[in-house]
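Trainee: Per our numbering, numbering of the sequence shown is gapless, rising by one per residue and ending at 1581. Heads up, the beta-carbon is just placed ideally off N, CA and C, and yes, glycines get one too.
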Amino acid sequence: MSGMGQDTLISAAENRAMFDRIAKKYDAANRAISMGLDRGWRKTAVEILKPVRGGRYLDIGTGTGDLVFEMMQQSGGSVLVDGIDPSEQMLEIARAKAVKKKLGDAVHFIEADALDLPMERETYDGIVSGFCFRNIVQRQKALGEMMRVLKPGGSLVILEATCPESALIRLGYKMYIPLVPVIGRIFGGGSAYKYLVDSIEDFPKPDTVTDMFSAAGFSTVQCRSLTFGSVSVFSGKK
Ligand SMILES: C[S@@+](CC[C@H](N)C(=O)[O-])C[C@H]1O[C@@H](n2cnc3c(N)ncnc32)[C@H](O)[C@@H]1O
1344 MSGMGQDTLI SAAENRAMFD RIAKKYDAAN RAISMGLDRG WRKTAVEILK
1394 PVRGGRYLDI GTGTGDLVFE MMQQSGGSVL VDGIDPSEQM LEIARAKAVK
1444 KKLGDAVHFI EADALDLPME RETYDGIVSG FCFRNIVQRQ KALGEMMRVL
1494 KPGGSLVILE ATCPESALIR LGYKMYIPLV PVIGRIFGGG SAYKYLVDSI
1544 EDFPKPDTVT DMFSAAGFST VQCRSLTFGS VSVFSGKK
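1. Drop a sphere of 10 angstroms on the beta-carbon of D1409, count the other beta-carbons inside from all chains shown, and report buried for 16 or more, exposed for fewer.
2. Could you name the residues of the same chain whose beta carbon sits closer than 6 Å to that of P1461, not counting the 5 residues immediately before and after it, in chain order?
3. Specify the secondary structure class of D1363 as computed by DSSP and reduced to three states.
4. Could you check what DSSP says for P1524 in three-state terms: helix, strand or coil?
5. Would the C-beta of S1427 count as close to ligand 1, meaning under 7 Å from any of its heavy atoms?
6. On the criterion of 16 or more Cβ atoms from any shown chain inside 10 Å, does L1522 qualify as buried, or is it exposed?
7. Quick one: using the 10 Å Cβ neighbour count with 16 as the cut-off for buried, is T1551 buried or exposed?
8. Under 7 Å: does the beta carbon of S1575 sit that close to some heavy atom of ligand 1?
9. Does A1437 come out as helix, strand or coil in the three-state DSSP assignment?
10. With respect to the alpha helix (DSSP H) encompassing G1406, which residues constitute its N-terminal and C-terminal limits?
11. Run through DSSP, which three-state label would V1395 get?
12. Got a sec? Which residues, its chain only, sit under 7 Å from S1557 by beta carbon, not counting five neighbours each side?
13. Should I1427 go down as buried or exposed, given a rule of 16 or more other Cβ atoms within 10 Å for buried?
14. Within the continuous alpha helix (DSSP H) that includes A1504, where are the two ends?
15. Taking 7 Å as the cut-off, is the beta-carbon of R1359 closer than that to any non-hydrogen atom of ligand 1?
16. Helix, strand or coil for S1557 per DSSP?
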């Protein structure tokens, strides 16, 4: 049921079950579906966030933790980062990767929901979230939570899969997109990747997302499109 507004939104519990199921093969499936471009998209999102030495950062919907690790890498390990996610299986993989990278107490992975963050107000210098916002049922409420836990002057950067605007690019995109559930099936997550395609088609247009940022009180709101608009990076300041 794609292309009909909010049809594809599923509850946090359903999200958790879906990501628990695909966790072990999530990274490999991501690389294959994005043809390796996902690493560059996360790198750009963190470049826009610009983590500063000694700062404290949050990754919402951290999954297997790649945005947390990108923040550690770009800051030369000079920041503290929390990653939250409702999927314990995704978090287990993130924690194992952090141990392998010897990140110690600089990173923490916490089971939590974007709609009810277990953090004090004005805790973070910046928040990043990658490919998660699309999955959240009450997006405006989630933006309110992000605003609450950000320090004044802090930045929010949301990376999300979007539909390209150009008719020509859209044509190529429409030809590629049916392959996504096929690739997903190879990695044992067919229905999850069918959901991925439907939820991208149902995600609001970039202008609507920037309006939501403004409605939540964010200023200097911007949207930068990557890879012909198939991915967008939304940003704003508290
Ligand atoms: C497509 S994965 C993205 C993971 C990671 N950010 C990345 O860049 O690969 C989406 C993640 O969002 C999480 N998620 C879904 N609903 C959420 C919610 N309400 N609050 C926080 N995270 C949520 C899922 O459990 C999943 O791990």
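Mentor: The answer reads as follows:
1. For the purposes of this step, residue 1409 is taken as the residue at position 66 of the sequence shown. By the Cβ-count criterion, D1409 is buried, with 16 or more other Cβ atoms from all chains shown falling within 10 Å of its own Cβ.
2. As a working mapping, residue 1461 is identified with position 118 in the sequence shown. Only A1455 meet the Cβ criterion.
3. Residue numbering aside, residue 1363 sits at position 20 when the sequence shown is read from its first letter. Looking at D1363 - three-state DSSP - the assignment turns out to be helix.
4. In the sequence shown, residue 1524 corresponds to position 181, counting from 1. Residue state, collapsed to three classes: helix.
5. Position 84 of the sequence shown, counted from the start, is the residue given in the question as residue 1427. Note on identity: in this sequence residue 1427 is Ile, with Ser being the wrong assignment. Flag set: Cβ of I1427 near ligand 1.
6. The residue given as residue 1522 occupies position 179 in the sequence shown. L1522 counts as exposed, since fewer than 16 other C-beta atoms from the protein chains shown sit within 10 angstroms of its C-beta.
7. One-based indexing of the sequence shown puts residue 1551 at position 208. Exposed, by the Cβ-count rule.
8. Within the sequence shown, residue 1575 is the residue found at index 232, counting from 1. No, since every heavy atom of ligand 1 falls outside the 7 Å radius drawn around the Cβ of S1575.
9. Looking up residue 1437 in the sequence shown gives position 94. DSSP places A1437 in the helix class (H, G or I) of the three-state scheme.
10. Residue 1406 sits at position 63 when you count from the first residue of the sequence shown. Annotation: G1406 is outside any alpha helix (DSSP H) and is labelled neither H nor E by DSSP.
11. Translated into positions along the sequence shown, residue 1395 becomes position 52. V1395 falls in the coil class under three-state DSSP.
12. Taking the sequence shown and counting its residues from 1, one reaches residue 1557 at position 214. Closer than 7 Å at the Cβ level, and outside the excluded window around S1557, lie V1564.
13. Taking the sequence shown and counting its residues from 1, one reaches residue 1427 at position 84. Answer is buried; the Cβ neighbour count reaches 16.
14. Taking the sequence shown and counting its residues from 1, the one referred to as residue 1504 is at position 161. Element bounds for A1504: not the alpha helix (DSSP H) but the beta strand (DSSP E), 1493 to 1504.
15. Numbered from 1 along the sequence shown, position 16 holds the residue referred to as residue 1359. Answer for R1359: yes, Cβ within range of ligand 1.
16. Reading the sequence shown from its first residue, position 214 is the one you call residue 1557. Here S1557 sits in helix by DSSP.
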